[in-house]
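J.: Before I ask anything, here is the structure I am working with.
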């Protein structure tokens, strides 16, 4: 039986990227694969919304996965097309119903740091 296991490194040293790092370097390619695997994991976690309690899904998907791993990668990606693509993919994972009861200009508490990055 083949199992796909995602191992997410959370060491800030390993997540830091240089703004002049070669996109074809092994380190850069590895970080990109980790990021996109984690985005896929986020999209799968969010699919449980409506089946599992919303607060559990938000805790796992936003507090743990987005804020502990994905956001570190996004913040260390130079502003530009790559950063925009990463942010768009994360936003695309989020269920619209989570935002229905919010007033204009507000966001979910778990998305404060991500929202601040989007406003840059």
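Residue numbers (my numbering): 586 to 705.
In this text, a Cβ means the ideal position worked out from N, Cα and C, and glycines have one as well.
1. Kindly indicate which residue of 664, 610, 686 and 625 has the alpha-carbon position closest to the one of residue 654.
2. For residue 659, count neighbouring C-beta atoms within 10 Å of its own C-beta (all shown protein chains included) and say buried if the count is 16 or more, exposed if not.
3. Closer than 6 Å by C-beta to residue 612: which residues in its own chain qualify, once you throw out the five before and the five after it? Chain order, please.
4. Cutting at 7 Å between CB atoms, please list the residues of its own chain near residue 599, excluding the five before and the five after it.
5. Under 8 Å between the Cβ atoms of residue 661 and residue 698?
T.: This is what the structure gives:
1. Sequence index remark: in the chain shown, residue 654 carries index 69 (1-based). Residue 625 is the option with its Cα nearest to residue 654.
2. On the chain shown, position 74 is the one that residue 659 refers to. That one is buried.
3. Position 27 of the chain shown, counted from the first residue, corresponds to residue 612. Cβ within range, chain order: n/a, list empty.
4. The residue you call residue 599 lines up with position 14 of the chain shown. Here residue 599 scores only 49 on pLDDT, less than 50, and its place in the model should not be relied on; the value that follows carries that caveat. So the list is empty, once near-sequence residues are dropped.
5. Here residue 661 is taken as the residue at index 76 of the chain shown, counted from 1. Here residue 698 is taken as the residue at index 113 of the chain shown, counted from 1. Taking 8 Å as the Cβ cut-off, residue 661 and residue 698 do not qualify as a contacting pair.
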